[in-house]
Amino acid sequence: MARAKIALIGAGMIGGTLAHIAAREELGDVVLFDIFEGTAKGKALDLSEATPVFGKDSQLRGTNDYADIAGADVCIITAGFPRKPGMDRSELIGKNLGVIKQVAEGIKEHAPKAFVICITNPLDAMVWALQKFSGLQPRKVVGMAGVLDSARFRYFLADEFGCSVEDVHASVLGGHGDTMVPLVRYSTVNGVPLPDLIKMKWTTQERIDAIVERTRKGGGEIVGLLGNGSAFYAPAESAIEMATSYLRDKKRILPCAVRLSGQIAGVRGLYVGAPAMIGKRGIEKVMNIRLKKDERDMFMNSVAAVEKIIADCQEMEPSLR
Ligand code: A3D
């Protein structure tokens with residue numbers, strides 16, 4: 006059987022890390038695309054030279070020609086610009102909307118059957134614009150943010166309880182920004198929800214509130230520490246988990262930015278984070294979880310933040326209206 010073809014559009018910090026993981030996991034052959042041909046070619050060659058050491062036969066190549074992504078099964082998009090310290094994700098629209106338009110045209114022409122995972126920020130608006138510009142089916146166009154946000158939440162909770170990260174499950178809804186909604190009631194340790202763990206005196210409401218706040222601002226914490234650029238290891242791992250579920254038809258239920266059609270709080274036509282099943286047909290199902298009033302209010306606040314960024318995109322690019 007032919008190996009899967011994985012096109013990575015953007016060969017920067019996340020793109021290079023994605024290529025490394027995809028090759029090490031032998032998930033498929035990798036095409037690294039970047040406007041800077043040397044960056045894409047250099048990273049592909051460096052990683053190719055590592056394959057004999059880690060003993061995997063994935064083929065890697067770098068390019069700045071969209072024709073080379075032809076027939077890709079999965080495209081993961083990180084093309085664009087990351088945040089600098091003190092910047093909000095929404096401040097990236099001006100630079101990244103034009104990049105997403107070019108990427109959408111390249112994918113539409115050369116890899117229209119691919120499962121497309123967008124990582125470029127501001128995430129929910131960029132994946133929405135990518136779907137609009139490309140005209141690809143919404144079930145084949147998805148945004149990565151929820152896996153990362155919930156992984157941060159899980160890590161902070163495991164640290165709080167001094168337990169394995171493997172035993173902590175956490176759920177995050179809404180847009181990828183400071184308005185995201187970490188769902189405390191649906192987050193568990195060995196199946197026991199956080200409110201019960203508070204009653205069991207494993208932690209306190211105040212400590213959980215602080216962890217929720219740290220999760221919401223998790224991206225900014227890393228941007229502040231790095232001083233130049235944003236997180237890349239955890240975002241890359243998160244996108245690989247989504248790509249693997251598609252390529253191996255695992256039907257994982259993962260929090261992703263998906264185009265809603267009323268499943269949560271009646272929201273339609275917008276890309277927002279929600280738990281979704283990823284299988285060989287792309288997004289196969291979105292969980293229609295019921296929210297309590299306070300959760301719904303937080304979710305709608307997050308939806309409003311996404312709508313505002315989309316309105317700014319439409320102002321800049323009238324074809325998106
Ligand atoms: P970076 O290392 O700068 O890589 C971006 C790459 O895109 C660079 O190599 C550029 O040369 C390339 N590029 C720029 N314009 C184009 C173009 N028109 N066509 C093709 N390639 C182009 O950034 P990064 O890898 O650290 O981050 C990439 C994106 O992911 C940024 O927008 C980040 O904000 C975003 N990001 C999202 C998350 C989420 O959870 C959603 C997390 C972390 C970063």
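Residue numbers (the numbering used here): 6 to 326.
Glycine included, C-beta positions come from ideal geometry on N, C-alpha and C.
message: If you reduce the DSSP assignment to three classes, tell me which class threonine 44 lands in.
response: helix
query: Out of curiosity, what's the CA-to-CA distance linking threonine 193 and aspartate 73?
result: Rounded to the nearest angstrom, the two C-alpha atoms are 44 angstroms apart.
query: Between serine 235 and the ligand A3D, is the CB less than 7 angstroms from at least one heavy atom?
result: Yes, the ligand A3D has a heavy atom inside 7 angstroms of this Cβ.
message: If you follow the beta strand (DSSP E) that cysteine 123 is in, where does it begin and where does it stop?
response: Where cysteine 123 is concerned, the enclosing beta strand (DSSP E) stretches over 120-123.
- request: Could you tell me whether any non-hydrogen atom of the ligand A3D is closer than 7 angstroms to the CB of leucine 128?
  value: yes
- prompt: If you drop the 5 nearest sequence neighbours on each side, which residues of the same chain put their C-beta closer than 6 angstroms to that of asparagine 306?
  reply: The answer, listed in chain order, is Thr184.
field: Run of the beta strand (DSSP E) containing phenylalanine 38, from where it starts to where it stops
entry: 34-38
- request: On a CA-only basis, which of His181, Lys113 and Gln319 is nearest phenylalanine 304? Give me that one, please.
  value: His181
- prompt: If you measure from the CB of glycine 17, is any heavy atom of the ligand A3D nearer than 7 angstroms?
  reply: Yes, the ligand A3D has a heavy atom inside 7 angstroms of this Cβ.
message: Could you pull the DSSP bridge partners for histidine 174 from this structure?
response: Answer is Thr193.
- request: Within its chain, find whatever has a CB closer than 7 angstroms to the CB of alanine 244; leave out the 5 residues flanking it on each side and keep chain order.
  value: Leu23, Ile81, Ile122, Ile124 and Met149
field: Unbroken stretches of the alpha helix (DSSP H), 4 residues or longer, contained in the region 117-157
entry: Entirely contained in the region 117-157, the alpha helix (DSSP H) runs reaching 4 residues are, in chain order, 128-139.
- request: Report the rounded CA-to-CA distance for arginine 212 versus serine 155, giving the unit in angstroms.
  value: 17 angstroms
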